[in-house]
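Here the sequence shown stands for residues 2 to 209, numbered as in our numbering. C-beta: ideal position from N, C-alpha, C; glycine also. All of these numbers come straight from a predicted model, not from anything done at the bench. Working notes, beginning with the structure itself.
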Amino acid sequence: MPLAIFGITNDGLNLVATLFLLMLVVLWLALIVYTYLDARRRISDPFLVACATVASFFPFIGTAVYAIVRPPEYLEDAHERELEIKAAELRVRQLEDQSCPNCEYPIEKSYLRCPNCQRRLKDPCPTCGKPVDPRWGLCPFCETSLGGGGERPRRKRRDPEERQAQPQQQRQAQPRRRKAPPEADQGAQPTKEQRSPRREPDADPRQA
Numbered sequence: 002m003p004l005a006i007f008g009i010t011n012d013g014l015n016l017v018a019t020l021f022l023l024m025l026v027v028l029w030l031a032l033i034v035y036t037y038l039d040a041r042r043r044i045s046d047p048f049l050v051a052c053a054t055v056a057s058f059f060p061f062i063g064t065a066v067y068a069i070v071r072p073p074e075y076l077e078d079a080h081e082r083e084l085e086i087k088a089a090e091l092r093v094r095q096l097e098d099q100s101c102p103n104c105e106y107p108i109e110k111s112y113l114r115c116p117n118c119q120r121r122l123k124d125p126c127p128t129c130g131k132p133v134d135p136r137w138g139l140c141p142f143c144e145t146s147l148g149g150g151g152e153r154p155r156r157k158r159r160d161p162e163e164r165q166a167q168p169q170q171q172r173q174a175q176p177r178r179r180k181a182p183p184e185a186d187q188g189a190q191p192t193k194e195q196r197s198p199r200r201e202p203d204a205d206p207r208q209a
């Protein structure tokens, strides 16, 4: 009996004390299992997982210490956060033109050529030597004229209504051809008098 050491022989109290001690033992074992499973989800090093599990064998104190010093997030959450950070960095790099337009290799703004595909990215300024875009006509650092052609002017896109109106205007601008008369198309056809030769009257035999 748990209370017999204190000189208490009441069976009811002994039963309550026994159930309370049994509950504490079950709670202690549950905390050990919880510490092991939680450490596996938060710690990648197996040695540290074993240390956390051994510390939880100290009733309640070991689990309390582990709850204080454990990592703040699970390994799955940390992995997802790293992927989100990498994706955000990639988007920022693309927005800042810090990737090669040919092979999408990460580059810096001061690169003249891509270290991966050797593509020409920028030209050095003949005066200050800083990298400038080949399309620029002026160096923004030393104001040296580069003689660049600049960006090509973009062709203005016509609206569908203008496209439909242009053929109609062209048709109206073209002179209308007069339809030739059938006689002119077929050539000068001989008349009936021209087709049949005129016959002269026979001479009167009485006049002879």
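Where Cys52 is concerned, the enclosing alpha helix (DSSP H) starts and stops at 47-56.
The beta carbon of Ala56 sits closer than 7 Å to the beta carbons of Gly63, Val66, Tyr67 from its chain, once the five residues preceding and following it are set aside; these are given in chain order. DSSP, read as helix, strand or coil, puts Asp124 in strand. The Cβ atoms of Pro72 and Ile44 sit closer than 9 Å to each other.
Rounded to the nearest whole angstrom, the CA to CA distance from Cys52 to Glu90 is 37 Å. The three-state reading of DSSP puts Arg114 in strand, counting E and B together. Looking at the backbone, the Cα of Glu83 and that of Leu14 are separated by about 57 Å. Under DSSP, Leu139 forms a beta bridge with Ser146.
Shown here for Lys131: same chain residues with a beta carbon closer than 6 Å to its own, the five before and five after excluded, namely Phe142 in chain order. CA-to-CA, the gap between Thr128 and Thr145 works out to about 7 Å.
By the neighbour-count definition (other C-beta atoms within 10 Å, threshold 16), Cys140 is a buried residue. With contacts defined by Cβ atoms closer than 9 Å, Arg42 and Glu77 form a contacting pair. For the set Trp137, Cys118, Val50, Asn117, the Cα lying nearest the Cα of Pro125 is the one of Trp137. Leu28 sits exposed, since fewer than 16 C-beta atoms from the chains shown fall within 10 Å of its C-beta.
Straight-line measurement puts the Cα of Arg120 at about 5 Å from the Cα of Arg114.
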